[in-house]
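What follows is a short report on a single structure.
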């Protein structure tokens with residue numbers, strides 16, 4: 018319980034968690050409470066500024082921006098979480114294996130990640146999706162191809178250290194099976210830095226997903242994805258800045274939330290002293 | 042010194058070859074025939090056959106890679122389907138703008154980060170330190186492409202301080218025109234620099250030689266500027282070097298929005314017109330750029346701080 | 022490599038050193054980037070607009086789009102039987118100072134009719150050439166072909182210098198030479214086309230403005246912003262929602278015209294359920310076009326009764342499909358699709374209005390149980406996918422490059438033809454027959470009636486969901502005089518001047 022205690026003592030972690038909670042509650046409640054449909058057109062009510070009825074105003078089709086932003090959270094968070102934790106799982110396993118067994122596998126992996134590291138994240142994702150063509154599936158392919166690298170490197174490094182620790186030696190002496198040693202004994206120790214890293218990864222990934230939509234390479238309309246909401250707002254930026262402002266703030270909200278949780282985690286997980 | 046630089050250059054060769062291989066393989070994931078995907082029904086069957094031969098697609102995979110490697114070594118990096126020009130020609134036309142944004146944004150990042158880092162280091166652990174840290178968490182969380190529009194809306198349209206995009210004539214005009222795109226890139230760099238600078242400042246402040254300097258009778262300000270700040274700044278060079286991939290990557294988004302004709306705009310245009318040779322060549326060039334800048338910062342670092350060796 | 026280094030140096034220098042800014046420069050912002058300056062290789066608007074500033078055609082559409090006027094040919098004659106067209110060329114020069122001769126004309130038109138030309142069908146009816154003097158040429162036809170003159174007035178009939186094109190091949194079009202009012206100075210792809218005055222231009226005293234910059238600014242609002250900030254002097258296609266506001270701004274003049282353009286949804290008639298005419302008609306009735314024009318074009322457009330724009334021989338009395346959900350529902354019932362169906366709708370992501378149309382259609386079709394899945398693709402892919410027939414529905418449009426409806430009807434309604442009824446594969450034998458007849462019929466009432474019947478057939482067969490004919494807008498600083506978009510969607514700059 019010291020972890021929970023430490024996490025709670027750190028205010029930023031709590032604030033971040035609260036921010037994400039607030040969003041989740043809004044996602045759960047809005048479809049029940051909101052009188053507006055995120056897809057229903059109403060040309061008569063187009064481009065209305067924020068008001069008591071439309072908290073974030075309406076867009077060029079008269080759709081309620083608040084409802085759309087909240088509906089977008091489901092989209093963006095689902096995409097971002099899959100695109101981070103899917104590859105993360107793969108990266109963790111690769112890192113564990115490479116770090117534990119060492120040898121040729123390890124050095125090949127290290128050369129590969131060294132080289133892959135040189136490709137700028139945005140360039141790589143854009144190029145892959147660009148070549149495959151715009152669709153949600155291709156978005157997943159691109160992120161799975163790119164996002165595992167960081168985890169493999171982190172976990173491999175940690176595994177190298179952990180594998181030499183006494184209790185792992187003990188497990189080896191006891192002739193536990195290799196998977197058991199890897200996953201039961203080593204992984205729990207190596208996973209924490211990967212977890213901290215994943216929080217900032219979520220922030221980058223959610224931004225990249227929105228950016229891909231922005232270039233027309235991601236999710237297709239009329240999905241209320243935040244990046245799409247921003248693209249669609251550009252021509253109306255001047256008369257209806259709320260159309261641009263709120264989806265961006267939602268992205269920032271998620272970004273800050275995860276960053277703060279990440280900070281809280283890293284302080285709580287830091288070894289004493 | 043020279044020898045170690047040479048050594049590093051030699052070590053670069055396998056990395057560069059690896060980059061071409063990885064770039065080649067990644068873009069080989071295209072399902073189906075790339076010629077058909079690129080040309081659609083624009084070309085006749087004979088034209089497509091000719092193109093397959095020209096691309097070497099009738100060859101086995103390893104030959105195809107060698108052909109691409111040859112293009113990279115001879116410096117053309119392939120030929121654009123769309124512009125019918127070597128990729129290198131297209132790249133060199135646009136490179137100065139991208140490099141300008143990278144350099145400009147780094148300078149802006151330093152200017153933004155330095156005062157905050159110093160303040161945070163001096164008041165470490167206090168409210169000011171905490172507030173500054175939260176400020177930069179906030180800055181990083183803002184999506185860059187959205188920030189672009191926010192700045193356009195506020196600084197260009199609202200206050201009329203900056204043009205909304207494009208490039209200008211001459212240094213002064215470009216410093217003005219490229220300010221907003223560089224600022225957007227620079228803000229996220231600033232967050233990084235601030236963090237690392239604060240940490241090294243705190244570390245250096247408690248170092249032995251600082252005490253020695255103070256004992257020699259130098260004033261606090263002198264000690265700070267001559268010793269602590271100088272040494273800490275040197276170590277941030279390497280931070281910028283490590284993050285150069287990120288900085289170069291962010292220019293892609295920013296260039297397109299501010300219509301700066303740099304490498305990023307070229308990449309997006311190539312994707313939109315499905316100019317596969319350009320996408321591939323450019324991806325590889327981006328990675329090489331990162332490796333080279335990394336090397337340069339390492340060299341600069343080792344020159345600025347003789348205690349660091351290149352090995 | 023040498024060339025690359027020069028490119029690097031050039032752009033490096035441009036960034037660091039200020040250029041000379043003495044001569045007058047007209048700065049135009051447009052949303053699209055030309056693909057190529059080879060007139061027989063392109064069909065995108067940006068290429069066509071730029072080509073028409075650099076090259077001349079023998080004859081050209083008048084500014085109001087009602088007739089043909091002299092271009093490089095100062096006069097022309099059509100023989101009694103319609104089989105010989107005689108052109109008298111004026112004393113014109115290319116921008117490099119060499120004179121334009123009858124040989125250049127023959128070379129250019131033969132090139133336009135050759136294998137490598139994507140516009141060959143427009144020039145193939147010309148079967149013989151006779152050069153009767155340095156400045157006189159006769160074009161011979163096998164059989165009468167009424168659209169021949171109009172086709173010569175198209176961009177693809179641009180007159181090029183024979184010697185240079187032969188000597189340089191494709192490289193000519195990187196740094197082309199023409200006899201139009203402007204010559205290419207520099208082309209920074211994706212960013213800017215710089216033009217300079219052709220010192221040898223045949224219209225004395227023109228162009229009035231020495232330099233022109235065509236700036237590529239893809240975002241519509243960015244164009245408006247640049248105009249307001251005085252960064253450019255004229256913009257093409259400001260976002261329609263901003264036009265009213267722009268009109269009230271001091272120092273800015275807004276203009277608009279209804280060019281020969283039609284926007285519609287292609288229905289792939291080879292795929293079910295679009296092979297059923299009832300379904301196609303039902304979809305036409307399910308679209309509230311008035312709402313589209315109000316909500317998406319902000320009133321700047323006309324409801325379309327067919328895919329043919331209002332131009333010569335257009336039948337003004339043809340009634341558009343009325344918005345009637347009940348009737349649509351009944352028709353779908355008859356077709357056995359009372360519960361609706363699901364279909365994919367292809368959209369060009371680069372066209373803001375079409376993106377909006379797609380979203381609106383999606384909502385409008387919902388009451389019928391028709392579920393549309395939007396697939397956004399970039400322009401080139403859109404074209405290829407529809408051309409290959411790999412689509413169900415696609416938002417699209419067509420513009421006319423000539424003032425005669427022959428080009429468009431062939432494109433939009435005839436199958437087999439160049440586009441096989443614009444990739445819908447819809448076919449009407451009666452229409453095909455009329456098309457062949459129209460092409461050999463002299464201009465006049467009889468030809469008009471044929472067009473009338475063809476358009477009616479197109480309307481009834483409904484291979485498209487007919488949407489609207491949008492207005493085209495432009496805006497300039499108040500000191501710019503004479504800038505306008507023509508019915509053929511392009512703009513001429515030789516008559517433009519600054520008033521201060």
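Residue numbers (our numbering), protein chains in the order written: chain W, 18 to 290; chain H, 42 to 352; chain P, 22 to 521. For each residue, glycine too, the CB sits at the ideal point set by N, CA and C.
Residues near residue i in its chain [Cβ-Cβ closer than 6 Å; skip 5 each side]
i: residue 222(W); result: 97, 100, 101
i: residue 309(H); result: 297
i: residue 300(H); result: 206, 207
i: residue 304(P); result: 486
i: residue 328(H); result: 60
i: residue 436(P); result: 442, 448
i: residue 114(P); result: 120, 221
i: residue 105(W); result: 168, 215
Three-state secondary structure (DSSP) of residue i
i: residue 323(P); result: strand
i: residue 42(H); result: coil
i: residue 93(W); result: helix
i: residue 81(P); result: strand
i: residue 279(H); result: helix
i: residue 81(W); result: strand
i: residue 36(W); result: helix
i: residue 317(P); result: coil
i: residue 90(H); result: helix
i: residue 337(P); result: coil
i: residue 293(H); result: helix
i: residue 181(W); result: coil
i: residue 69(W); result: coil
i: residue 369(P); result: strand
Beta-carbon proximity list for residue i, same chain, < 8 Å, skipping 5 on both sides
i: residue 251(H); result: 245, 264, 268, 269
i: residue 49(H); result: 336, 339, 340, 351
i: residue 276(P); result: 494, 495, 496, 497, 504, 505, 506
i: residue 66(W); result: 74, 257, 259
i: residue 238(W); result: 245, 249
Outcome for residue i when other beta-carbon atoms lying within 10 angstroms are tallied against a minimum of 16
i: residue 228(P); result: buried
i: residue 234(W); result: buried
i: residue 256(H); result: exposed
i: residue 94(H); result: exposed
i: residue 249(H); result: exposed
i: residue 384(P); result: buried
i: residue 289(H); result: buried
i: residue 52(W); result: exposed
i: residue 129(P); result: buried
Integer-rounded CB distance, given that residue j should sit under 8 Å from residue i
i: residue 123(P); j: residue 152(P); result: 4 Å
i: residue 281(W); j: residue 31(W); result: 7 Å
i: residue 405(P); j: residue 289(P); result: Not really, about 14 Å apart at Cβ, beyond 8 Å.
i: residue 77(P); j: residue 201(P); result: 5 Å
i: residue 218(W); j: residue 164(W); result: 7 Å
i: residue 54(P); j: residue 67(P); result: 6 Å
Sequence-distant residues of its chain with Cβ nearer than 7 Å to residue i (five each side left out)
i: residue 210(W); result: 171, 175
i: residue 294(P); result: 300, 356, 358, 362
i: residue 303(H); result: 135, 138, 139, 142, 292, 296
i: residue 563(P); result: The requested residue 563(P) does not occur in the structure, where chain P is confined to residues 22 to 521.
i: residue 270(P); result: 249
- Task: Quick one: which unbroken beta strand (DSSP E) runs of 3-plus residues sit fully inside the region 381 to 443 of chain P? Chain order, please.
- Result: 392 to 398, 414 to 420
- Item | Whole runs of the alpha helix (DSSP H) within the region 131 to 217 of chain P, excluding any shorter than 4 residues | 141 to 144, 169 to 173, 183 to 189
- Message: For a minimum of 4 consecutive residues, which ranges assigned as the alpha helix (DSSP H) are wholly contained in the region 443 to 507 of chain P?
- Response: 450 to 459, 466 to 482
- Message: Please give the ranges of any alpha helix (DSSP H) in the region 56 to 105 of chain P, keeping only runs that are unbroken, at least 4 residues long and fully inside the region.
- Response: 66 to 75
- Task: Give, in chain order, every unbroken run of the alpha helix (DSSP H) that is at least 4 residues long and sits entirely within the region 100 to 140 of chain W.
- Result: 120 to 135
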